[in-house]
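Residue numbers (our numbering), protein chains in the order written: chain A, 15 to 92; chain B, 3 to 269.
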Amino acid sequence: MMEQRATSPEGVIPVVNGEERTVAAGSTLGDLLRELAVSAEAVVVEHNREIVRDRSRLDSMVLATGDSVEIVHFVGGG
Amino acid sequence: MSAPTLVSGSTDTPFVIAGRTLRSRLMVGTGKYRSPDEMVRAIDASGAEVVTVAVRRVNLNRDADDGVLPHIDPTRYLLLSNTAGCYNAADAVRYARLARAAGFNEWVKLEVIGDQDTLLPDTAALLEATRTLVAEGFVVLAYTNDDLITALRLEDAGAAAVMPLASPIGSGLGLLNPYSIRTIKHRLSVPVIVDAGVGTASDACITMEQGVDGILMNTALAAADDPVRMAHAMRLAVDAGRQAHLAGRMPRREVAVPSSPSVGMLE
């Protein structure tokens with residue numbers, strides 16, 4: 015654990031789908047999705063209540079501590 | 003565009019919502035099936051073109067992928083995203099926007115629930131959310147109760163279709179107020195699709211006999227012992243009810259009228 019922290023001493027803690035998650039400082043939304051093994055094409059991402067309509071922007075949107083990130087998709091429903 | 007095909011091969015007027023002609027008057031949900039395979043086979047048996055889905059958080063723990071798109075081909079079906087679970091207009095609008103951002107279409111089955119026990123709609127909030135979404139270019143199919151005045155207000159607000167309930171969501175109680183549904187259908191210009199409460203095939207048939215344009219159901223299929231067979235039954239029932247409506251039923255009489263000649267009897 016200590017070594018991992020040493021590689022990202024300035025980690026940031028966004029709230030992703032309701033849970034705090036530590037990521038390396040400078041991480042983008044695109045980095046987060048790759049870390050979570052979530053395909054950007056299969057989901058819709060909302061960042062601080064703004065929908066990221068253009069998925070090509072995911073790789074330029076840098077996360078900060080306290081950011082709210084919602085990653086949603088379609089599930090069964092009536 | 004071709005009209006929906008009825009079982010007997012006779013024709014019907016096209017079923018059109020927001021300029022799109024639909025090939026089936028039966029719409030189905032994707033919730034509560036025992037397995038994705040059972041869901042896929044039931045939807046296929048139903049003949050439905052419009053299939054509803056819900057927007058939820060991705061399960062990031064990856065112990066279960068509950069996404070529906072790996073099972074439902076969006077080029078074969080028209081995905082109709084709902085706002086189920088939303089209890090105010092702002093939440094419903096947020097869910098609708100998220101659904102549209104998925105990039106399939108502008109359609110939304112708008113639900114704003116007002117009560118946890120009955121899941122009856124909050125009609126004031128529903129109207130507010132309808133106006134907001136129509137202004138943003140959404141095709142709004144509004145889930146509402148069986149109240150004529152609310153249905154008229156929803157039409158005025160720009161709803162592309164109005165979806166009154168037969169009975170509460172998931173109740174399977176069938177069509178509780180045929181008069182209200184008939185009245186709504188008579189008075190509205192936009193399509194009327196009964197959504198929620200149908201429990202079995204006879205419910206679907208009686209509902210269609212009121213003259214409505216279609217039915218949306220989910221639990222009646224998913225909670226049947228054999229969802230695939232029930233989906234087939236519902237397909238037949240919706241067609242039967244539609245044909246009976248078009249055929250025009252005989253008048254009800256309080257006295258018997260013989261079917262056989264009363265003349266020519268033996269001395």
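Think of the CB as a built atom: it goes at the ideal place given N, C-alpha and C, for glycine as much as any other residue.
Here's the rule: buried if 16 or more other CB atoms are within 10 angstroms of the residue's CB, otherwise exposed. What is residue i?
i: B/N63; result: exposed
i: B/Y145; result: buried
i: B/P260; result: exposed
i: B/S48; result: buried
i: A/S70; result: exposed
i: A/V59; result: buried
i: B/Y181; result: exposed
i: A/V57; result: buried
i: B/L268; result: exposed
i: B/S191; result: exposed
i: B/S262; result: exposed
i: B/V257; result: exposed
i: A/Q18; result: Below a pLDDT of 50, predicted positions are generally treated as unreliable, and A/Q18, at 45, falls in that range; no measurement from the model is reported.
i: B/S37; result: exposed
i: B/R244; result: buried
i: A/E84; result: buried
Secondary structure at residue i, three-state DSSP: helix, strand or coil?
i: A/I27; result: coil
i: B/G69; result: strand
i: B/G216; result: strand
i: A/V59; result: strand
i: B/K187; result: helix
i: B/R166; result: Residue identity differs from the one stated: residue 166 of chain B is Pro in this sequence, not Arg. If DSSP states are grouped into helix, strand and coil, B/P166 belongs with the strands.
i: B/D197; result: strand
i: B/I171; result: coil
i: B/R58; result: strand
i: A/Q18; result: With a pLDDT of 45 at A/Q18, under the threshold of 50, the predicted position of this residue should be treated as unreliable, though the coordinate-derived value follows. DSSP places A/Q18 in helix when its eight states are reduced to three.
i: B/M252; result: coil
i: B/L178; result: coil
i: A/M75; result: coil
i: B/M236; result: helix
i: B/Y79; result: coil
i: A/S70; result: helix
Between residue i and residue j, is the Cβ-Cβ spacing less than 7 angstroms?
i: B/I217; j: B/V240; result: yes
i: B/F17; j: B/L28; result: no
i: B/V164; j: B/K187; result: no
i: B/A206; j: B/M252; result: no
i: B/A168; j: B/V196; result: yes
i: B/V57; j: B/A103; result: no
i: B/V110; j: B/A98; result: yes
i: A/V26; j: A/A78; result: yes
i: B/V114; j: B/A94; result: yes
i: B/G172; j: B/G201; result: no
In chain order, what residues of the same chain lie with their CB nearer than 8 angstroms to the CB of residue i, ignoring the 5 residues before and after it?
i: B/L129; result: T152, R155, L156 and A159
i: B/T132; result: L112, V142, A144, L156, A159, G160 and A161
i: B/G250; result: none
i: B/G116; result: Y89, L122, P123, D124, T125 and A127
i: B/H247; result: M210, E211, Q212 and G213
i: B/P170; result: T120, L121, L122, A198 and G199
i: B/V60; result: G69
i: B/G139; result: E108
i: A/V76; result: G40, S41 and T42
Near residue i, what residues of its chain come up, given a Cβ to Cβ distance below 7 angstroms and the 5 sequence neighbours on each side ignored?
i: B/N179; result: D148
Going by beta carbon distance, what residues of the same chain come within less than 6 angstroms of residue i, once the five residues before and after it are set aside?
i: B/V52; result: M29, L80 and L82
i: A/A20; result: Note that A/A20 has pLDDT 41, beneath the 50 cutoff, so the model's placement of it is unreliable and the number below is only indicative. Around A/A20: no qualifying Cβ.
i: B/P193; result: I19, A163 and D215
i: B/E40; result: P229
i: B/A44; result: L223, P229, V230 and A233
i: A/V29; result: S82
Counting beta carbon pairs with one atom in the segment 23-38 of chain B and one in the segment 80-90 of chain A, are three or more of them shorter than 8 angstroms? yes
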